[in-house]
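Visitor: Those protein sequence lines, which keep their order, are chains A and B.
Those letters in the first sequence? Residues 7 to 234, per the working numbering, in order.
Those letters in the second sequence? Residues 37 to 117, per the working numbering, in order.
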Amino acid sequence: MRFAVIAFGGSNCDYDTQKVLTEVIGVECDRVWYKDGLSRSYDAIILPGGFSYGDYLRAGAIAARTPIMNQIRDHAIRGGLVLGICNGAQILAESGLIRGVFTRNAYPKFICRQAHLRVETAQTPFTNRFKLHEVISVPIAHAEGRYVPSEGDEVTAGFRFCDEKGVLTTESNPNGSWESITGVFGGPNLNVLAMMPHPERASEMILGSSDGKRIFDSMAHYIQVSAN
Amino acid sequence: MEYTAHITISLKKGMLDPEANAIGHALSNLGFEIGSLSTARQFTISFPADSHEKAEELADQMCQRLLANPVIHHSTIEVTP
Numbered sequence: 007m008r009f010a011v012i013a014f015g016g017s018n019c020d021y022d023t024q025k026v027l028t029e030v031i032g033v034e035c036d037r038v039w040y041k042d043g044l045s046r047s048y049d050a051i052i053l054p055g056g057f058s059y060g061d062y063l064r065a066g067a068i069a070a071r072t073p074i075m076n077q078i079r080d081h082a083i084r085g086g087l088v089l090g091i092c093n094g095a096q097i098l099a100e101s102g103l104i105r106g107v108f109t110r111n112a113y114p115k116f117i118c119r120q121a122h123l124r125v126e127t128a129q130t131p132f133t134n135r136f137k138l139h140e141v142i143s144v145p146i147a148h149a150e151g152r153y154v155p156s157e158g159d160e161v162t163a164g165f166r167f168c169d170e171k172g173v174l175t176t177e178s179n180p181n182g183s184w185e186s187i188t189g190v191f192g193g194p195n196l197n198v199l200a201m202m203p204h205p206e207r208a209s210e211m212i213l214g215s216s217d218g219k220r221i222f223d224s225m226a227h228y229i230q231v232s233a234n
Numbered sequence: 037m038e039y040t041a042h043i044t045i046s047l048k049k050g051m052l053d054p055e056a057n058a059i060g061h062a063l064s065n066l067g068f069e070i071g072s073l074s075t076a077r078q079f080t081i082s083f084p085a086d087s088h089e090k091a092e093e094l095a096d097q098m099c100q101r102l103l104a105n106p107v108i109h110h111s112t113i114e115v116t117p
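Spelled out as C-alpha cells, the structure:
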C-alpha cells in the first residue's frame, strides 16, 4: 500500500501529513513535488494544506491548473482515493473534482481552533472507521473555508460543523458554510473527499485528539479490503 | 494585432461578500452613510489576436478557465484595440 502527498509551491502541511502516514498509520508514503508528476501508481493521493501560490487569485485556483492535476483527475476517475485537506480541499473544488467552492469566511478573518464535526456518511472509503453521526474533534485553520454549493447540485456531505452534542447551530458553524458542510464527497464511488479541517493535526493524543487518524485508518482499511 | 481586454470579475447577485461588508462597516465608522457596497476585481490583459472577435473569444476563455469561478462569479469583458 502506497500513498502520495503532493507538494505545491506554498504547501506547508506536506511533511506533517507524510509523517502521520508513515509513523502513525504505518503505510508507505512518498512526498511528490508537483513538477515531477506521478511516476508510478498510488493507492491514495493526498493534497495537503498550506497556501499554494500565496492564495493568489483564489485559494487553490492556480495549483488546480497545474499538469499533475490531470494525472490526479485520471486517478480519481479510475476510482483511486483522493483526499484534499484545507488548501487541498480548495484545490479539489477549483479543479472540479468536487462540486462547489470554499470561499471567504462569512466573517472574513483567519480562524484557527478546534472544531466539532458530525460524521454525515459513514460507509465510505474515508469514514468506514466511524459511526454515522458520531461527533469528532478536529482543528480548522483557514480564511477561505466557507462552502458554497453549485446551484442545483446535490451535495454528499462527509462532515458538518456541529456543537459538542452533534447539534447543528449557527454558533458551531465558524465560517458560515452552507448547511454547515465542511467535508464534501466527489468521484464515481465517493472516492474523493475535500475537507477543510486538518485530520493530520488530530492523529496523536499528544496533540489533543486522535479522531483525525481514523480518516487515514479508513482509507488504509478500504484499500486493504479492495485488494483482497 | 495587439488587443487589451478589461475583465471585471464580481460576485453573482445574492452571494455573500464578507470583504464588502467589512469595508462598508469601516466607511460607516468614518461617518459615511452607506446604502450598499460591492467589490469587484479588474484584470487588464494585453495579448495578440487576429481580430476583435477572436480577442473577445480568448478573453472569455481566460475567464472561464481561470480568472472566474462560475459557481460564485459573474464576469464582464471589454476589449479595445
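Glycine is no exception: its CB is placed at the ideal position from the N, C-alpha and C atoms.
Going by the beta-carbon positions, is the gap between A:E206 and A:D22 smaller than 9 Å?
Guide: Yes; because the gap between Cβ atoms is below 9 Å, this pair is in contact.
Visitor: Buried or exposed for A:V173, please, with buried defined as at least 16 other CB atoms from any protein chain shown within 10 angstroms of its CB.
Guide: With fewer than 16 other Cβ atoms within 10 Å, it is exposed.
Visitor: Buried or exposed for A:Q230, please, with buried defined as at least 16 other CB atoms from any protein chain shown within 10 angstroms of its CB.
Guide: A:Q230 should be labelled exposed.
Visitor: Taking all protein chains shown into account, decide if A:Q24 is buried (16 or more other Cβ within 10 angstroms of its Cβ) or exposed.
Guide: Buried, by the Cβ-count rule.
Visitor: What three-state label does DSSP hand A:G56 in the structure shown?
Guide: Strand, per DSSP.
Visitor: Using the beta-carbon of each residue, which ones in chain A are nearer than 7 Å to B:P54?
Guide: Within chain A, the residues near B:P54 are R110, N111, A112, Y113, P114.
Visitor: Measure the CB-CB distance between A:S300 and A:I142 and report whether it falls below 9 Å.
Guide: Past the boundaries of the shown model lies residue 300 of chain A; chain A is included only from 7 to 234, so the question cannot be answered.
Visitor: Cβ closer than 8 Å: which chain B residues qualify as neighbours of A:A69?
Guide: Those within 8 Å of A:A69 in chain B number zero; the least Cβ separation is about 12 Å.
Visitor: Return the chain-ordered ranges of every beta strand (DSSP E) run that is complete within the region 51–123 of chain A and spans a minimum of 3 residues.
Guide: DSSP runs (the beta strand (DSSP E)) wholly in the region 51–123 of chain A: 87–91, 107–109.
Visitor: Buried or exposed: where does A:T72 fall if 16 or more other Cβ atoms within 10 Å of its Cβ makes it buried?
Guide: Classification of A:T72: buried, given that the 10 Å Cβ count is 16 or more.
Visitor: Once you ignore the five residues that flank A:H227 on each side, which residues in its own chain have a CB closer than 8 Å to its CB?
Guide: Result list for A:H227: N134, R135, in chain order.
Visitor: Would B:A91 pass as an interface residue toward chain A - the criterion being a Cβ-Cβ separation below 9 Å?
Guide: With 9 Å as the cut-off, B:A91 does not count as an interface residue toward chain A.
Visitor: Under DSSP, the alpha helix (DSSP H) around A:F222 begins and ends at which residues?
Guide: Segment 219–233, the alpha helix (DSSP H) holding A:F222.
Visitor: 9 Å is my cut-off, CB to CB: does A:G106 come that close to chain B?
Guide: So yes, A:G106 belongs to the interface.
Visitor: Would you please verify whether the beta carbon of B:A76 is less than 9 Å from any beta carbon of chain A?
Guide: So, not an interface residue.
Visitor: At a cut of 8 Å, does the region 113–125 of chain A reach the region 83–94 of chain A through at least three beta carbon pairs?
Guide: Not touching, per the Cβ criterion.
Visitor: Assuming A:A82 and A:M201 are in contact, meaning their beta carbons sit under 8 Å apart, how far apart are those beta carbons, in whole angstroms?
Guide: So it is not a contact: roughly 15 Å between Cβ atoms.
Visitor: Using the C-alpha atoms, what's the distance from A:V154 back to A:S232?
Guide: Cα-Cα distance, rounded: 33 Å.
Visitor: Using the beta-carbon count (16 or more within 10 Å), is A:P203 buried or exposed?
Guide: Buried, since its Cβ has 16 or more Cβ neighbours within 10 Å.
Visitor: Against chain A, with Cβ distances strictly below 9 Å, would B:N105 count as a contact?
Guide: Taking Cβ atoms only, chain A reaches closer than 9 Å to B:N105, which makes this a yes.
Visitor: Strictly below 9 Å CB to CB, what residues from chain A border B:A85?
Guide: Correct list: empty, because the minimum Cβ distance to chain A is about 22 Å.
Visitor: Any idea what DSSP makes of A:E177, helix, strand or coil?
Guide: Here A:E177 sits in coil by DSSP.
Visitor: Three or more beta-carbon pairs under 8 Å between the region 176–194 of chain A and the region 160–167 of chain A, yes or no?
Guide: These segments touch.
Visitor: DSSP on A:Y21, reduced to helix/strand/coil?
Guide: Here A:Y21 sits in helix by DSSP.
Visitor: Distance check for A:V144 and A:A121, CA to CA, integer angstroms please.
Guide: Rounded to the nearest angstrom, the two C-alpha atoms are 6 Å apart.
Visitor: Distance check for A:W184 and A:N195, CA to CA, integer angstroms please.
Guide: Looking at the two C-alpha atoms, the distance is approximately 23 Å.
Visitor: Consider the Cβ of A:G16: report whether some Cβ of chain B lies at a distance smaller than 9 Å.
Guide: Not one chain B Cβ lies under 9 Å of A:G16.
Visitor: By Cβ distance below 8 Å, which residues in the same chain neighbour B:I70 in space, the five residues on each side in sequence not counted?
Guide: The residues are G60, L63, S64.
Visitor: With DSSP collapsed to three states, give me the class of A:P145.
Guide: Three-state DSSP puts A:P145 in a strand.
Visitor: In the region 140–158 of chain A, which residues sit with their C-beta less than 7 Å from some C-beta in chain B, listed in chain order?
Guide: Result list: V154, S156.
Visitor: I need the DSSP call for A:S206, collapsed to helix, strand or coil.
Guide: Looking at the sequence itself, residue 206 of chain A is Glu, so the reference to Ser does not match. Three-state result, A:E206: helix.
Visitor: Within this structure, are the beta carbons of A:M225 and A:P131 separated by less than 9 Å?
Guide: Closer than 9 Å, so yes.
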